[in-house]
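*Asks:* The structure's right below; bear with me while I get my questions together.
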Amino acid sequence: MPKLHTVALVAGAAVLTRRALRRRVRSSPLWPLPALDPPVSGRPRSRAMRLRLAAHETIADGVVRLRLEGGQLPRWEPGAHLDVVLPSGLVRQYSLCGDPEDPSSYTVATRLVEDGRGGSREVHEQLAEGMELEVRGPRNRFPLVEAESYVFVAGGIGITPILPMLRSLPDGADWRMLYCGRTRASMPFLEEVCGLAGTGVPPAGAEPRAPGRLTVAAEDEVGRPDLDVLFAGMPAGTAVYCCGPEGLMAAVEARLPEGAALHLERFVPRLSTEGNRAFEVELRRSGRTLTVEADTTVLTAVRRELPDTAYSCRQGFCGTCRQRVLEGQVEHRDELLTDAERADSMLICVSRARGERLVLDM
221 MPKLHTVALV
231 AGAAVLTRRA
241 LRRRVRSSPL
251 WPLPALDPPV
261 SGRPRSRAMR
271 LRLAAHETIA
281 DGVVRLRLEG
291 GQLPRWEPGA
301 HLDVVLPSGL
311 VRQYSLCGDP
321 EDPSSYTVAT
331 RLVEDGRGGS
341 REVHEQLAEG
351 MELEVRGPRN
361 RFPLVEAESY
371 VFVAGGIGIT
381 PILPMLRSLP
391 DGADWRMLYC
401 GRTRASMPFL
411 EEVCGLAGTG
421 VPPAGAEPRA
431 PGRLTVAAED
441 EVGRPDLDVL
451 FAGMPAGTAV
461 YCCGPEGLMA
471 AVEARLPEGA
481 ALHLERFVPR
491 LSTEGNRAFE
501 VELRRSGRTL
511 TVEADTTVLT
521 AVRRELPDTA
531 YSCRQGFCGT
541 CRQRVLEGQV
551 EHRDELLTDA
561 ERADSMLICV
571 SRARGERLVL
581 DM
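Residue numbers (the numbering used here): 221 to 582.
See the structure below:
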């Protein structure tokens, strides 16, 4: 069976040194974490920073790019992302897509999601140059591992974490890529991607070329690309990196040839209720006990009793819903807490009880 490494998050991208590329990096854990897996994070969380929004520009249909400037900023490598605290208090994650050798600024890009939860609309319509934003990070759960060959698959804004990987590859690296989107006007960084592949932007309506280095497929022109053609002749051990809509990633996972190692970055976690069990949660300070059903979350159950309970991402990334655990064992499914923090706290938006009961300091 192919190896699968997956991480959930909302997209971004830039350059890795050759020395860093040669380091062998542990790949990301499966989501959701199996019930018996130990905590995966042992690193302390990065401190919060206040950065100035120096540039807010439209770079494709429905896509804006933000450049955030500060002092001497922490270094980062391709695949890393920032947590951005919006003025409303919402926390969103965006992959970095600027120059990691520039210590004075971070660059991210995001697409407007019309039917989303409001974060992207706030970024597009309410942020303005000169504003200050709080950011946390950078953190990297989608690192570029060392491999003999690579295949990259990006759908629309999913190009953002992959673009810096392309920039960082050493001369002579064996790689090929599929970049697809609804329309070419909605595909950010298209011209740069073509330049990195050593090709010009293909004319409108041109049939996708495979298995050449770059295949560009705008759905309104040529329909959906043939993944079997993309993967034809792929050497065993190839590292396949994919970021984009859930349908694209599911198709890549289904078509992946034997012997390939798949690395996925999701805009939202693929939360599964399979194997979930109902359990009780006691809210010690409130004097209430409630049942968390198999198909719901602790956060949802708690907010029925305590509607003012704070939360933001509902995906285990931002830490807004973190609560202290007084009794019981936790099945941690977050992407944020360290091992030490998990000893006595949990993110109630995603994590659950290992047993029949939890007691929270609420």
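From the three backbone atoms N, C-alpha and C, an ideal C-beta is built for every residue, glycine too.
(1) Ordered along the chain, which non-local residues of its own chain (more than five positions away) have a Cβ less than 7 angstroms from that of Arg341?
(2) If we count the other Cβ atoms within 10 Å of its Cβ and call it buried at 16 or more, is Gln292 buried or exposed?
(3) Could you give the DSSP three-state label for Phe499: helix, strand or coil?
(4) Do you know offhand how far Ser324's Cα is from Ala470's?
(5) Kindly provide the ranges of any beta strand (DSSP E) runs that are 3 or more residues long and lie completely inside the stretch 386-454, ordered along the chain.
(6) For the candidate residues Ala274, Leu288 and Gly318, whose alpha-carbon lies nearest to that of Gly299?
(7) Using C-beta distances below 8 angstroms, list every residue in its chain close to Glu352, excluding the 5 sequence neighbours before and after it, in chain order.
(8) Could you give the first and the last residue of the continuous beta strand (DSSP E) run that contains Arg272?
(9) Taking 8 angstroms as the threshold, find out whether the stretch 438-448 comes into contact with the stretch 352-364 through three or more Cβ pairs.
(10) Per DSSP, what are the beta-bridge partners of Glu289 in this structure?
(11) If you count every other CB in all the chains shown that lies within 10 Å of the CB of Glu494, and 16 or more means buried, which is it?
(12) Could you tell me if Gln346 is buried or exposed, where buried requires 16 or more neighbouring beta carbons within 10 angstroms of its beta carbon?
(13) CA-CA distance, Gly418 and Tyr399?
(14) In the DSSP output, what is Glu547 paired with across the bridge?
(15) To which residues of the same chain is Trp203 closer than 6 angstroms at the C-beta, ignoring the five residues directly before and after it?
(16) Pull up the distance between the alpha-carbon of Asp581 and that of Glu513, whole angstroms please.
(17) Given a cut-off of 8 angstroms on the beta-carbon distance, is the pair Gly539 and Leu556 in contact?
(18) Per DSSP, Gln313 is paired with what?
(19) With which residues is Ser565 paired in a DSSP beta bridge?
(20) Can you list, in chain order, the residues of its chain with a C-beta nearer than 6 angstroms to that of Arg209? Leave out the 5 residues immediately preceding and following it.
*Replies:* If we stick to the structure as given:
(1) Translated into the one-based positions of the sequence shown, residue 341 becomes position 121. Contacts found: Leu332.
(2) Position 72 of the sequence shown, counting from 1, holds the residue named residue 292. Gln292 is exposed by the Cβ-count criterion.
(3) As a position in the sequence shown, residue 499 is number 279, starting the count at 1. Residue state, collapsed to three classes: strand.
(4) One-based indexing of the sequence shown puts residue 324 at position 104. One-based indexing of the sequence shown puts residue 470 at position 250. Taking the straight line from one Cα to the other gives about 38 angstroms.
(5) 394-401 and 434-438
(6) The residue you call residue 299 lines up with position 79 of the sequence shown. Looking at the Cα atoms, Gly318 is the closest of the given residues.
(7) Residue mapping note: residue 352 aligns to position 132 of the sequence shown, counting from 1. Cβ within range, chain order: Arg270, Leu271, Arg272 and Leu273.
(8) The count along the sequence shown starts at 1 and reaches residue 272 at position 52. Per DSSP, Arg272 belongs to the beta strand (DSSP E) from Ala268 to Ala280.
(9) no
(10) For the purposes of this step, residue 289 is identified with residue 69 of the sequence shown, where counting begins at 1. Arg272 and Ser325.
(11) Your numbering for residue 494 matches position 274 in the sequence shown. It counts as exposed.
(12) Locating residue 346 in the sequence shown gives position 126, counting from the first residue. By the neighbour-count rule (16 or more Cβ atoms within 10 Å), Gln346 is not buried but exposed.
(13) What you label residue 418 is simply residue 198 of the sequence shown in a count that begins at 1. What you label residue 399 is simply residue 179 of the sequence shown in a count that begins at 1. Between Gly418 and Tyr399, the C-alpha separation is close to 15 angstroms.
(14) Here the question's residue 547 lines up with position 327 in the sequence shown. Answer by DSSP bridge pairing, in chain order: Val579.
(15) In the structure as shown, the chain begins at 221 and stops at 582. Residue 203 is therefore absent and cannot be evaluated.
(16) On the sequence shown, residue 581 is found 361 positions in, with the first residue counted as 1. On the sequence shown, residue 513 is found 293 positions in, with the first residue counted as 1. Computed Cα separation, rounded: 20 angstroms.
(17) What you label residue 539 is simply residue 319 of the sequence shown in a count that begins at 1. What you label residue 556 is simply residue 336 of the sequence shown in a count that begins at 1. Yes, the Cβ-Cβ distance between Gly539 and Leu556 is below 8 angstroms.
(18) In the sequence shown, the residue the question calls residue 313 occupies position 93. Paired residue(s): Asp303.
(19) Counted from its first residue, the sequence shown places residue 565 at position 345. Arg544.
(20) The first residue shown for the chain is 221 and the last is 582, placing residue 209 beyond what the model contains.
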